[in-house]
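A.B. asks:
Protein chains in written order, with this note's numbering: chain A, 88 to 254; chain B, 896 to 1399.
#1: For residue 1213 of chain B, which option in B/1025, B/1082, B/1287 has the closest C-alpha, if you only look at C-alpha atoms?
#2: If you drop the 5 nearest sequence neighbours on each side, which residues of the same chain put their C-beta closer than 8 angstroms to that of residue 1145 of chain B?
#3: Give the straight-line distance between the Cα atoms of residue 896 of chain B and residue 967 of chain B, rounded to the nearest whole angstrom.
#4: Short of 8 angstroms Cβ to Cβ, which residues in the segment 959 to 971 of chain B face chain A?
#5: What are the complete alpha helix (DSSP H) segments, minimum 4 residues, inside the segment 1226 to 1278 of chain B?
#6: Below 7 angstroms on C-beta distance, what does residue 191 of chain A contact in chain B?
#7: Check whether chain B comes within 7 angstroms of residue 162 of chain A, counting only Cβ atoms and requiring the distance to be less than that.
#8: Could you run through the segment 902 to 927 of chain B and flag, in chain order, every residue whose CB is less than 8 angstroms away from some CB of chain A?
#9: Taking 7 angstroms as the threshold (C-beta atoms), are residue 241 of chain A and residue 166 of chain A in contact?
#10: Using CA atoms only, rank isn't needed, just tell me which of A/105, A/219, A/208, A/162 is closest to residue 236 of chain A.
#11: Do you know offhand how far residue 104 of chain A's Cα is from residue 118 of chain A's?
#12: Residues in the segment 191 to 209 of chain A with C-beta within 7 angstroms of chain B's C-beta atoms, listed in sequence order?
#13: So, residue 1389 of chain B versus residue 976 of chain B, is the Cβ gap smaller than 7 angstroms?
#14: Go ahead and pull the three-state DSSP assignment for residue 956 of chain B.
#15: For the segment 1219 to 1238 of chain B against the segment 1190 to 1208 of chain B, are there 3 or more C-beta pairs whose distance is under 8 angstroms?
#16: Within the continuous beta strand (DSSP E) that includes residue 1173 of chain B, where are the two ends?
#17: Could you work out which residue in B/957, B/1165, B/1297 is closest to residue 1028 of chain B when comparing CA atoms only?
#18: Do residue 1066 of chain B and residue 1015 of chain B come within 7 angstroms of each other at the CB atom, strictly closer than that value?
#19: Take residue 1293 of chain B as the anchor and find which of B/1376, B/1276, B/1355 has the nearest alpha-carbon.
#20: When DSSP labels each residue in this structure, what does residue 1089 of chain B get in the three-state scheme?
#21: Are the beta-carbon atoms belonging to residue 1336 of chain B and residue 1254 of chain B less than 7 angstroms from one another?
#22: What are the start and end residues of each continuous alpha helix (DSSP H) run of 4 or more residues lying completely inside the segment 1133 to 1158 of chain B, in chain order?
#23: Please report the Cβ distance between residue 1143 of chain B and residue 1290 of chain B, rounded to the nearest whole angstrom; I am assuming they are in contact, meaning their Cβ atoms lie under 8 angstroms.
#24: Note down the Cα distance separating residue 202 of chain A from residue 127 of chain A, rounded to an integer number of angstroms.
#25: Give the list of continuous alpha helix (DSSP H) stretches no shorter than 4 residues that lie fully inside the segment 135 to 177 of chain A.
#26: What is the DSSP secondary structure of residue 911 of chain B, counted as helix, strand or coil?
#27: Determine, using beta carbons only, whether residue 909 of chain B and residue 1025 of chain B come nearer to each other than 7 angstroms.
#28: Scan the segment 1168 to 1211 of chain B and note each continuous alpha helix (DSSP H) run of 4 residues or more that stays entirely inside, going in chain order.
#29: Kindly indicate if chain B contains any beta-carbon less than 7 angstroms away from that of residue 225 of chain A.
#30: Taking Cβ-Cβ distances shorter than 8 angstroms, what residues in chain B pair up with residue 170 of chain A?
#31: Beta-carbon within less than 7 angstroms of residue 1260 of chain B's beta-carbon, same chain only, minus the 5 sequence neighbours each way: which residues are those?
#32: Hey, how far is the Cα of residue 1023 of chain B from the Cα of residue 954 of chain B?
#33: How many angstroms separate the CA atom of residue 1043 of chain B from the CA atom of residue 1245 of chain B?
#34: Is the beta carbon of residue 1109 of chain B closer than 7 angstroms to that of residue 1075 of chain B?
#35: How about residue 167 of chain A: is its C-beta nearer than 7 angstroms to some C-beta of chain B?
#36: If we count the other Cβ atoms within 10 Å of its Cβ and call it buried at 16 or more, is residue 210 of chain A buried or exposed?
Printed below as a string of C-alpha cells:
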C-alpha cells in the first residue's frame, strides 16, 4: 500500500520529540491495561471495553507517527485477520461445545467442553472460557474494527482518490 | 437432545463463520470467495430441509441458547412457518448466487469481490437468524445485521447507488429505532423479551396504552423495513441502482423475512384477538394494504426503467401479503394466501429481477422502450421474464393465480367484498405494466442490425440462464402445486402453529 494524497506527509514534517517519546513509552502500558480489562477478572464483561482500549493504543501510535507508518505496522490484511479471528474465537467457543459433547448440549453451553470442565469444574469452565476465549475474541474484533474505521477516516487508497477526483 | 435440534443454530452460526472466512480467504485467492459461499449455502439448504422435515414430523424445535431456561436465556424456536421460510431463503440464495458469479464479475470491480460475497453471506446469516429466533431483542440484533449488510450491498456499485443506499440507511435506522422503542415498551410492561413468555403475559395488559403504542411503533418500524406502501420511498432507488443480483436477493428474500417479523408479532406475540378487539386494526391494515396494492401498480405503470418498475411492483405485491395478514382474523384463507404468496412472490420477483439483470448484463438495456426484438436475441431470458410476468398478472396455471385465488377466497369468506374488486383491479393494472414489456419484447417489429460472426460470444452464460429457467419453471409448477393436496400438511401445520400459539 502506498500513500496517496497530501495527508501524511505534511504531518510528518512537524514531528515532536516529546510527544513521540512519551507515546512510545506509554503504548505498552495502554496495551497491557487493555488486556487486563479484557481478561483480568476471569469472568464476563470487559471484552468491548478492553478492545476499545487496545484500539486507543494503536490509534495513538497512528496519530503520533503518521498514517503511513501506522499502515506499515497494521496493514488492512492484519486488521481483517484480527476481525475474523475474534469472531472465530467467540463463535468457535460456542461450536466447540456442540462438537465436544457430540451434540448433547446447546451452543454456548460452556461446560460442554469437557476437557476444561474436568480441569476447573462447571462454574470454572464457564468463567475461563468466557474470559479467555469469548472476551478476547470480542476484544480483538472490536480493536480491529476501530482501527480499520480510523484508517478509513484518515486515509484514502489511491484508487479511491481517483474516483473522488473523477466525480 | 436430538442432533436435529442443533440444526437451526448450526445454520446461523456457521453462516456467520463463513462470512468472515470468505473475507480472509479473499486475501489469498479472490476466486475462492464465490465457491466458499455457494458451497456453504448448499449445505445450509440441505440442513434447512432436514429441519423442516424434523419440524413436520416431530414438532417445533425449542432450543435454549447456552442451556439457560427461556425467560432468562435466549430461546430459538423453529416451527413450521420458520422452517418453511428457511428453506425458501436458502433455495433462492443458491440460485441467485449461481447467477451472480458472472454478473458480479462484470458489474463490480475485482478487488471488491471477497467483500461482496462476505456481505452476502453475513446478510443470509442475519436473515436466517431473524427466522429462527424466539426472542424479540435477539431478533433486533439479527435485523440490524441483515440491514447493515443490505445497506453495504446496495452501495457496492458506487456512484448513484451511494445516495440510494444513504437514503436506505436513514430510513432503515429510523425503522430499527421504532422497532426497538416498541420492544422496550413491551419489556417495560411485561418484563420479558421471550416471545412465548410474552404471549402469556400480555393479555393482562392489553388495555394498557403503553402496549398498544408499542404495537403501533413496531408495526411502523417493520413497515419501513419491509417497504409497505406509505413508507416505501427509499426502496425504488435502492433497487434500481444496486447490482442486479443484489436487487434480486433483497426483493425476493430480504423483504419476505421483514414481513415474517410482522407475521410473527401479529400471530405469536400479540394475538389476533388483540389486533381485532383491542385496537381494531385489522380492517385498517387491509385498507393500507389495498392502497399499497393500487398505488404500487399505478407508480409502476409510469416507469421507464425496468428495475424501477419491478421495484414498484414489489411494493404492490407486499400489499397482497399485508392484505392477507389483515384478513386473517376474519378468515383462515388469509393466512393461506400469505404463506403461498411468500413463496410465490420470492420465486416470481427473483425470476423477474434476474431476467432484467441479464438484459442489462448482456445489452446494457434498462429502458423498456429499447426492448424491441429482445426475444430474438435473448430467447431464454425473455421467456423467463414473460412467464414470471404472466405469473405476476395471475393467469391460471401460474403461481400468482394461486395466491390471488386464496386472497379472493379470503375476502369473500370475510364478506369484505371491496377487496375482491381491488385484487381484480390490481391484476388488470399488473397486466398493463407487464404487457407493455412483453409487447415490446415479442411483438414490436425490429430490424436486426446485421453483425458478423460474433454471435457465439454474445450468448448469455449458462450459469446465468439456468437459475432463471429454474425459477420460471417453478412459477408454473407452484401454480399447480398450490391447487393440489400436496402442500396441505404443511399449510395445516403452519396454520395450527401460528394461530393456536404453537410456540407454547
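Beta carbons: idealized from backbone N, C-alpha and C, even for Gly. This one's a predicted model, so the numbers in the text were calculated from it and none came from an experiment.
C.D. replies: In this structure, then:
#1: Among B/1025, B/1082, B/1287, the Cα nearest to that of residue 1213 of chain B belongs to B/1287.
#2: The answer, listed in chain order, is 1045, 1048, 1049, 1133, 1134, 1137.
#3: Looking at the two C-alpha atoms, the distance is approximately 20 angstroms.
#4: Residues are counted here when their Cβ sits less than 8 angstroms from a Cβ of chain A; for the segment 959 to 971 of chain B these are 959, 960, 961, 962, given in chain order.
#5: Within the segment 1226 to 1278 of chain B, the complete alpha helix (DSSP H) segments at least 4 residues long are 1227 to 1258, 1269 to 1272, listed from N- to C-terminus.
#6: Neighbours of residue 191 of chain A on chain B, chain order: 896.
#7: Interface with chain B (7 angstroms Cβ-Cβ cutoff): residue 162 of chain A is excluded.
#8: When CB distances to chain A are screened at a threshold of 8 angstroms, the residues of the segment 902 to 927 of chain B falling below it are 904, 905, 908, 909, 911, 912, 915, 916, 918, 919, 922, in chain order.
#9: For residue 166 of chain A and residue 241 of chain A, no; Cβs fall outside 7 angstroms.
#10: Between residue 236 of chain A and the set A/105, A/219, A/208, A/162, the nearest pair of CA atoms involves A/162.
#11: For residue 104 of chain A and residue 118 of chain A, the distance between alpha carbons rounds to 22 angstroms.
#12: Taking 7 angstroms as the Cβ-Cβ cut-off against chain B, the residues of the segment 191 to 209 of chain A that qualify are 191, 192, 193, 194, 195, 196.
#13: The answer is yes: Cβ separation under 7 angstroms.
#14: For residue 956 of chain B, the secondary structure class from DSSP, reduced to helix, strand or coil, is strand.
#15: The segment 1219 to 1238 of chain B vs the segment 1190 to 1208 of chain B: no contact.
#16: If you look at residue 1173 of chain B, you'll find it isn't in any beta strand (DSSP E); DSSP assigns it neither H nor E.
#17: When each option's Cα is compared against that of residue 1028 of chain B, the closest is B/957.
#18: No.
#19: When B/1376, B/1276, B/1355 are compared, the shortest CA-CA separation from residue 1293 of chain B is found for B/1376.
#20: Here residue 1089 of chain B sits in strand by DSSP.
#21: Not in contact: residue 1336 of chain B and residue 1254 of chain B (Cβ atoms no closer than 7 angstroms).
#22: DSSP runs (the alpha helix (DSSP H)) wholly in the segment 1133 to 1158 of chain B: 1139 to 1144.
#23: Not quite, the Cβ-Cβ distance comes to about 23 angstroms (not below 8 angstroms), so this is no contact.
#24: Taking the straight line from one Cα to the other gives about 22 angstroms.
#25: Within the segment 135 to 177 of chain A, the complete alpha helix (DSSP H) segments at least 4 residues long are 154 to 160, listed from N- to C-terminus.
#26: Helix at residue 911 of chain B.
#27: For residue 909 of chain B and residue 1025 of chain B, no; Cβs fall outside 7 angstroms.
#28: The qualifying runs are 1177 to 1196.
#29: Closer than 7 angstroms: no.
#30: Residues of chain B whose Cβ lies closer than 8 angstroms to the Cβ of residue 170 of chain A are, in chain order, 915, 918.
#31: The answer, listed in chain order, is 1254, 1266.
#32: If you take the alpha carbons of residue 1023 of chain B and residue 954 of chain B, they lie about 19 angstroms apart.
#33: The straight-line gap from Cα to Cα measures roughly 21 angstroms.
#34: Between residue 1075 of chain B and residue 1109 of chain B, the CB-CB gap reaches or exceeds 7 angstroms.
#35: Output row for residue 167 of chain A: interface = yes.
#36: Its Cβ having fewer than 16 others within 10 Å, residue 210 of chain A is exposed.
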